[in-house]
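**Student:**
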Amino acid sequence: MTNLQKKKLQIELNPKKDERLYNMIVKLEEEGEGEKGYVNDQVKKRLEMYQVLSEVAGEDDPIEIVKKLLINVRTNGVQIEETAVDEPTDEVANNAMDLIDGLNNWNNMN
804 MTNLQKKKLQ IELNPKKDER LYNMIVKLEE EGEGEKGYVN DQVKKRLEMY QVLSEVAGED
864 DPIEIVKKLL INVRTNGVQI EETAVDEPTD EVANNAMDLI DGLNNWNNMN
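Numbered as in the working numbering, the sequence shown ends at 913 without a single skipped number.
(1) Kindly indicate if chain D contains any beta-carbon less than 8 angstroms away from that of glutamate 894.
(2) Can you check which of these residues, Arg823, Glu834, Lys847 and Glu862, is closest to valine 895 by C-alpha distance?
(3) From the DSSP output, in three-state form, read off threonine 892 for me.
(4) Below 8 angstroms, can you find three or more Cβ-Cβ pairs linking the region 834 to 854 to the region 896 to 903?
(5) Suppose you measure from the CA of leucine 873 to the CA of leucine 906; what does that come to, to the nearest Å?
(6) Give the straight-line distance between the Cα atoms of glycine 835 and asparagine 875, rounded to the nearest whole angstrom.
So this is what it looks like as structure tokens:
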């Protein structure tokens, strides 16, 4: 994994066509209070958590991932299996909480 090139992602959001994402970015800009890199870091965290959920759910379609997650939570509640698992780092836990907050906000918008 050495000598890998950095990747740059640039996205243009239309406030009418991409309303949810546009509003998320506006909210992040407000939260970041002008802190350099804050919005990019928050977007990367959300993408990382999406990838984790995608891998765990065995699903690439974002809508299907959310459906599976919501169905599981509604059916089973939030359960923790008694298996030997490494404790997540604070960063991973914070990313997960950010994702859950984002899903709650998304669910409340619908």
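A virtual CB, placed ideally from N, CA and C, is assigned to each residue, including glycine. Since this is a predicted model, take the numbers as computed values, not measurements.
**Tutor:** To lay it out plainly:
(1) In summary, chain D is missing from the structure at hand, where a single protein chain is found.
(2) Closest option to valine 895, judged by alpha-carbon separation, among Arg823, Glu834, Lys847 and Glu862: Lys847.
(3) Coil at threonine 892, not helix or strand.
(4) Three or more Cβ pairs drawn from the region 834 to 854 and the region 896 to 903 lie within less than 8 angstroms of each other, which places the two stretches in contact.
(5) About 10 angstroms.
(6) Take the alpha-carbon of glycine 835 and the one of asparagine 875: they are about 33 angstroms apart.
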